[in-house]
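Before any comments, here is the structure.
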Amino acid sequence: MKRNRKGQKKNNIIRKKGIAAPVKKILEVFEENRTFLISGHIRPDGDTVGSALALASWLEKMGKKAHIVSSDPVPEAYSFLPGVEKIRNTVPGNPAYDVGVLLECPDMTRVGAFIKSIKFDKIISIDHHPVSTGRPVKSDFALVDQRASSCSELIYMIMRCAPYFPDRKEALCLYTAIVTDTGRFQQANTTPRSMNIAAELLGTGIDTVEVYRNIYGTKRESSLKLLGQALCTLQREGAVSYMKLTRGMYEEARAQQQDAEEIVNYAGMAPGTKIYALFSEIMSSPGKIKVSLRSYGNINVNAAAAVFGGGGHFHASGFEMTGPMDDIIKQVLPELKKALING
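With numbering that gives the first Met the number 0 as the guide, the letters of the sequence shown map in order to residues 0 to 342.
Dropping the structure here:
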């Protein structure tokens, strides 16, 4: 990632006239600059996509030029979101932007490789994940709030401090982001604030049935077949439940990586489960395994993921490793059992 300016400003969370200092600074950057590139983490999810679309729309209303770039394709489930067709997979030429806005990228390993070829005068990081202890993203201005259910919650907060209230299309993107990152308001990151924001967004006239049908109520045949493959691999070791997806399973189901997005949750349905996981081969990277971890109660799977260079949240985290899947499972299970004891 090339930088046009040297140095880095500290971003202590303090209050000025009722607005957190990082929010105030971000609003100033939005006002003072003209061209923006917005990008989220690799293999984008609903929060990354919805947050980026809402932010880009708002910036364009302010008379700014805003592009969204994703290193990986947007999952088909989010194709109903307004403006999704504008998301690019590459940036032609050798472009330069006044501001780069990185969403949900606590670590450089989560940033698409294309970003290294782009020049920015300033970089803003907006995230609700813990700051990485490995290769943290270097930004000039950062808003990081682990209490937020989603990145979209932070985008909404910045908008309201402007003050600006999202229109119905922007609200649909933000609402979808909150819904997906809270697991339909069922996960531990669901808070009174996230519910209040969702309620305000619903006031714009969002069709909640449309959101449900597109994301949860409609599955491709390949996705359903892949789920069946995964369920047949379900294993239990005490309070730990896990499943796996091999390259052969993807090929047999004629499925893509995005078809596995919600599958990990099924492992958590087994009675008595406290930690559940999905070990999945990454189709675009032969030999690499994506490990998704989830937990209930006071069990911290983020700590377990950190052992392997990963991260995320207390109840939902993950990482990637290279090697035979069964060997990786043997390495990971002892750490999950430690998490059970520590919880």
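By construction, the Cβ of each residue, glycine as well, lies at the ideal position given by its N, Cα and C atoms.
Here the structure is a predicted model, which is why all the values come from computation and not from measurement.
Local conformation of F351 per DSSP, three classes: As displayed, the chain neither begins before 0 nor continues past 342, which places residue 351 out of reach and without an answer.
Rounded distance between the beta-carbons of V22 and L142, thought under 8 Å: 6 Å
Member of A252, V90, G49 whose CA lies at the smallest distance from the CA of V68: V90
Beta carbon of G45 nearer than 9 Å to that of T175: yes
Alpha-carbon to alpha-carbon, L292 and K1: In this prediction, K1 scores a pLDDT of 45, lower than 50, which makes its location untrustworthy; the coordinate-derived value is nonetheless stated afterwards. The straight-line gap from Cα to Cα measures roughly 33 Å.
7 Å CB neighbourhood of T245 in its chain, flanking five on each side removed: E280, M324
Own chain partners of G286 with C-beta closer than 6 Å, once the 5 adjacent residues on each side are dropped: T321
As assigned by DSSP and simplified to three states, the class of F359: A query on residue 359 cannot be resolved here, the shown segment of the chain reaching from 0 to 342 and no further.
Touch test, the stretch 157-168 against the stretch 106-122, Cβ-Cβ under 8 Å, three pairs minimum: no
Backbone secondary structure at V290 - three-state DSSP: strand
Alpha-carbon spacing of K168 relative to M156, whole angstroms: 17 Å
Limits of the unbroken beta strand (DSSP E) element including D97: 95-102
Touch test, the stretch 72-85 against the stretch 181-196, Cβ-Cβ under 8 Å, three pairs minimum: no
Alpha carbon of L54 to alpha carbon of L153, nearest angstrom: 11 Å
Length at least 3, wholly inside the stretch 132-168: the beta strand (DSSP E) runs in chain order: 140-143
Distance between E31 and L233 (C-alpha atoms, nearest Å): 53 Å
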